[in-house]
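Chains as they are written, first to last, in my numbering: chain B, 1 to 405; chain R, 1 to 405.
What follows is a single structure, written as structure tokens, with notes after it.
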DNA sequence: CATGTTTTTTCGAGCAGTGAAATTAATGCT
DNA sequence: AGCATTAATTTCACTGCTCGAAAAAACATG
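Written out as structure tokens, the structure reads:
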């Protein structure tokens with residue numbers, strides 16, 4: 001039945017994982033610092049780092065002779081990751097573009113390819129081919145680093161199946177229900193992981209703001225879609241599909257505005273870029289959503305609203321109301337201490353804030369526990385990358401490296 | 001920073017906990033069965049059970065001489081909990097009544113007291129006094145068992161604070177913001193735990209239906225309130241207040257019907273007994289909710305609806321719609337494989353089912369992943385008790401017993 | 001009574017963590 | 001230069017845990 005038996009091997013894994021995790025979060029440090037950070041004894045740190053050095057996972061750094069001879073006693077020798085023992089390929093797939101980054105085990109970006117994505121991209125060639133082509137290209141350009149490829153991780157939007165390795169629905173055309181993860185895994189003989197972008201945002205946000213590292217945070221992406229990721233006291237919630245969030249497709253108004261997903265009344269249909277545009281131009285709610293909104297157009301609308309344009313202001317109010325009620329409803333189930341708004345919509349946060357707060361005030365939990373701190377973080381691109389990067393490297397650390405004999 | 005160091009002590013705790021957990025779930029069994037169930041080696045099971053027997057935590061059961069000499073080899077000797085090494089006091093507090101049960105470490109009910117609760121109960125005497133009086137009464141009646149009191153656990157409705165040991169809001173009059181947990185803990189020198197009833201329902205449901213033990217289940221109580229508890233692949237979600245659920249007070253319609261909590265448009269205001277009654281009798285939505293609804297009256301309404309009464313049927317449709325949209329909205333954040341409806345409202349499930357399913361169909365997640373299995377379980381009383389019982393005993397096992405030297 | 005079967009215990013090995021003591025490598029003072 | 005001081009790291013002896021294999025225990029059968 002349960003195979004949660006603890007033995008000396010699991011102790012080893014756990015404590016090696018602790019050391020690797022500390023190095024991942026805080027960067028290279030001395031053995032003494034590692035002992036303090038992990039809580040392990042100096043003797044254990046010596047043993048563990050000795051093994052890791054022997055396995056080439058970490059290495060002693062050359063002390064920088066910066067005359068910073070501040071110390072009195074024996075100077076500390078820092079240990080840090082050996083960048084060259086592995087690499088990961090990170091895909092970020094969006095409605096309009098895809099980006100592939102090759103990073104080494106130290107988290108350093110080695111090379112990167114960007115490609116446009118159109119609604120036809122995955123109709124013309126299978127997603128697996130699209131991904132494989134680009135990955136091979138990067139391998140060819142960086143043969144040394146690519147030799148140690150250990151993981152492929154892909155950031156997608158949509159709904160994953162329960163195992164987390166298939167995409168059952170996606171706003172990205174022709175991407176769902178194509179078994180590209182399995183095909184890539186087979187082609188490159190490397191584990192391939194799919195991650196929801198919303199979830200990565202939550203992961204990334206923790207790295208951007210250390211104060212949030214152990215808090216319960218809901219990170220809301222507002223842009224061409226509306227999505228959410230949640231951390232629960234520092235743990236990312238959910239694996240596979242449960243605990244996952246299709247926040248953007250939570251119903252806001254029954255039988256309301258038509259959403260890209262085909263349903264009606266989703267939050268996204270009011271709060272995403274196309275929703276706001278539709279409202280601002282008084283296009284009927286039931287009109288088919290625009291397939292893509294140029295960012296200039298969205299920014300232009302923000303500018304108009306900020307300079308007092310009534311229709312534009314109204315559209316952002318509607319959007320804020322949708323997001324606010326969604327948050328208020330979510331808080332009946334999950335009550336984070338912080339809410340982060342990220343993505344292009346974060347630039348319009350000021351225009352939505354009043355409605356968001358008003359809606360939150362209608363949640364009993366907010367009344368009682370006080371409302372969460374809602375703040376906007378501009379620029380979601382790097383959080384996704386950072387989240388994908390750290391999640392993937394951490395996965396390598398804990399699964400591959402910590403378990404080494 | 002992190003103190004997740006693993007050492008031989010944590011190994012011991014983990015594996016002892018595994019043994020205790022197996023006995024808790026599956027009852028007394030042989031050492032060989034324990035080895036199979038936990039995955040530990042026979043040698044370890046011998047060592048662990050030897051310690052536990054020495055500590056009087058478990059004991060070898062006298063083999064029942066039922067001539068069931070089915071076996072060939074050495075007959076197995078079962079080990080099971082020693083009921084006499086501890087006891088727990090379990091309060092279940094409701095809007096109309098409170099029940100205190102004294103149970104022994106084996107989970108056997110020793111004695112029980114029931115008391116009515118009125119809106120004045122906790123106004124007249126402090127909650128701590130109310131609880132202490134009854135607990136002392138039970139102690140006096142059962143001096144032997146009460147001597148080993150290890151835990152007091154209280155099932156309440158309402159919102160707990162983040163630590164989980166204070167009640168910040170409750171539908172039970174004058175119960176919130178009274179530090180009774182601390183006062184009881186001080187008075188009886190025993191840890192006192194508060195549990196949300198909804199959460200216990202989720203725990204209890206797992207014990208009632210083994211098929212649900214490892215599934216992700218949302219358990220919805222419908223009755224004098226509407227509440228929810230969630231399990232996530234067999235884990236109860238949330239500690240303290242996060243991950244907690246005030247599902248009943250999720251907004252259903254902005255500015256809608258007046259709820260007992262003082263907000264407007266909560267699911268509870270439509271789906272609880274008072275909500276249904278109010279709708280059925282065409283009382284204005286903004287009328288103050290009835291403080292309590294006699295169960296005959298609620299059952300009478302169900303009977304009327306089942307025999308075709310239009311007003312009653314309509315009221316239950318409205319209720320089903322509120323629950324259904326609540327579930328559909330919840331599923332944008334958390335997507336369980338099963339939904340259990342329990343409580344008095346489960347008897348009206350047939351009247352609400354169509355509306356619930358219709359509302360669920362409007363959730364994208366349901367469209368893609370298929371809708372959850374929604375079933376009604378009648379009689380919520382014992383699930384709460386069972387949940388409170390198992391949670392408390394398990395807490396004793398894992399915190400007190402597993403950590404014994 | 002010998003033999004087979006199943007359960008349980010015993011025994012020696014292996015492994016990881018720990019505290020205390022020793023070692024190493026610098027600095028500061030005389 | 002020489003020696004005490006300081007701080008980082010390693011060494012060492014010991015502990016406690018699990019495990020596999022072998023032994024012992026307890027009963028059934030022929």
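Just so it is clear, CB atoms sit at the ideal spot from N, CA and C, and this is done for glycine as well.
Please read all numbers here as calculations on a predicted model, not as lab measurements.
Quick check: is the beta carbon of residue i nearer than 8 angstroms to any beta carbon in chain R?
| i | result |
| --- | --- |
| residue 241(B) | Per-residue confidence for residue 241(B) stands at a pLDDT of 40, beneath the threshold of 50, marking its modelled position as unreliable; the derived number appears in the next sentence. Yes, residue 241(B) lies at the interface with chain R (some Cβ there is under 8 angstroms from its Cβ). |
| residue 363(B) | yes |
| residue 352(B) | no |
| residue 221(B) | no |
| residue 29(B) | no |
| residue 366(B) | no |
| residue 414(B) | Any question about residue 414(B) goes unanswered here, given that chain B covers just 1 to 405. |
| residue 263(B) | yes |
| residue 390(B) | no |
| residue 254(B) | yes |
| residue 251(B) | yes |
| residue 394(B) | no |
Let's see if you can read the secondary structure: which residues bound the alpha helix (DSSP H) around residue i?
| i | result |
| --- | --- |
| residue 145(B) | 143-146 |
| residue 304(R) | 295-306 |
| residue 349(R) | 349-360 |
| residue 201(B) | 197-208 |
| residue 363(B) | First-last for residue 363(B): undefined, no H or E at that position. |
| residue 398(R) | From DSSP, residue 398(R) is part of no alpha helix (DSSP H); its letter is neither H nor E. |
| residue 407(B) | This structure gives no information on residue 407(B), because the portion of chain B shown stretches from 1 to 405. |
| residue 52(R) | 42-54 |
| residue 434(R) | A question about residue 434(R) goes unanswered here, because the residues of chain R that appear run from 1 up to 405. |
Let's see if you can read the secondary structure: which residues bound the beta strand (DSSP E) around residue i?
| i | result |
| --- | --- |
| residue 37(B) | Careful: residue 37(B) lies outside any beta strand (DSSP E), inside the alpha helix (DSSP H) at 31-38. |
| residue 115(R) | 109-116 |
| residue 153(B) | 149-156 |
| residue 74(R) | From DSSP, residue 74(R) is part of no beta strand (DSSP E); its letter is neither H nor E. |
| residue 182(R) | No beta strand (DSSP E) holds residue 182(R); the alpha helix (DSSP H) holding it covers 180-188. |
| residue 91(B) | 87-93 |
| residue 341(B) | 338-342 |
For a cutoff of 8 angstroms on Cβ pairs, would you count residue i as touching chain B?
| i | result |
| --- | --- |
| residue 7(R) | yes |
| residue 246(R) | yes |
| residue 408(R) | Residue 408(R) lies beyond the range of chain R shown here (1 to 405); nothing can be said about it. |
| residue 373(R) | no |
| residue 10(R) | yes |
| residue 4(R) | yes |
Item to check | Contact residues within the stretch 188-218 of chain R, judged by C-beta distance below 8 angstroms to chain B | outcome: 216
Checklist entry - Between the stretch 192-204 of chain B and the stretch 218-231 of chain B, are three or more C-beta pairs nearer than 8 angstroms? => result Yes: the two stretches touch, three or more of their Cβ pairs being nearer than 8 angstroms.
Checklist entry - Hey, which unbroken runs of the beta strand (DSSP E) at 3 residues or more fall wholly within the stretch 213-290 of chain R? => result 217-222 and 226-232
Item to check | the stretch 152-178 of chain B: positions lying closer than 9 angstroms to chain R by Cβ | outcome: 158, 159, 161, 162, 168, 169 and 176
Next on the checklist: Taking beta-carbon pairs under 8 angstroms, can you tell me which members of the stretch 37-65 of chain R lie near chain B?
Outcome noted: 37, 38, 39 and 40
Next on the checklist: Taking contact to mean 3 or more Cβ pairs, one atom from each stretch, closer than 8 angstroms, check whether the stretch 23-35 of chain B and the stretch 32-46 of chain R are in contact.
Outcome noted: no
Checklist entry - Just checking, does the stretch 331-339 of chain R make contact with the stretch 286-302 of chain R on the three C-beta pairs under 8 angstroms criterion? => result no
Next on the checklist: Against chain R, which members of the stretch 289-309 of chain B pass a CB distance test of less than 8 angstroms?
Outcome noted: none
Next on the checklist: So, does the stretch 128-147 of chain B touch the stretch 78-97 of chain B, judging by three or more C-beta pairs under 8 angstroms?
Outcome noted: yes
Checklist entry - Does the stretch 180-198 of chain R come within contact of the stretch 149-169 of chain R, defined as at least 3 CB pairs closer than 8 angstroms? => result yes
Checklist entry - Three or more C-beta pairs closer than 8 angstroms, one from the stretch 175-195 of chain R and one from the stretch 209-219 of chain R: is that the case here? => result no
Next on the checklist: Between the stretch 346-357 of chain B and the stretch 316-323 of chain B, can you find at least three pairs of beta-carbon atoms closer than 8 angstroms?
Outcome noted: A contact is defined here as three or more CB-CB pairs under 8 angstroms, and the stretch 316-323 of chain B meets this definition with respect to the stretch 346-357 of chain B.
Checklist entry - Which residues, taken in chain order from the stretch 314-344 of chain R, show a beta carbon closer than 9 angstroms to some beta carbon of chain B? => result 321, 325, 326, 328, 329, 330, 331, 332, 333, 334, 335, 336 and 337
Checklist entry - Would you say the stretch 358-367 of chain R touches the stretch 377-395 of chain B, given that touching needs at least three Cβ pairs under 8 angstroms? => result no
Next on the checklist: For the stretch 14-26 of chain B, list every residue whose C-beta sits within 7 angstroms of some C-beta in chain R, in sequence order.
Outcome noted: 14, 15 and 18
Checklist entry - Is the stretch 121-134 of chain R in contact with the stretch 182-193 of chain R, if contact means three or more CB pairs nearer than 8 angstroms? => result Remark: three or more beta-carbon pairs, one from each stretch, lie closer than 8 angstroms, so the stretch 121-134 of chain R and the stretch 182-193 of chain R are flagged as touching.
Checklist entry - Okay, do the stretch 300-319 of chain R and the stretch 269-286 of chain R touch, 3+ Cβ pairs below 8 angstroms being the bar? => result Short answer: they touch.
Next on the checklist: For the stretch 69-99 of chain B, list every residue whose C-beta sits within 7 angstroms of some C-beta in chain R, in sequence order.
Outcome noted: Identification of residues in the stretch 69-99 of chain B having a C-beta nearer than 7 angstroms to some C-beta of chain R yields an empty set.
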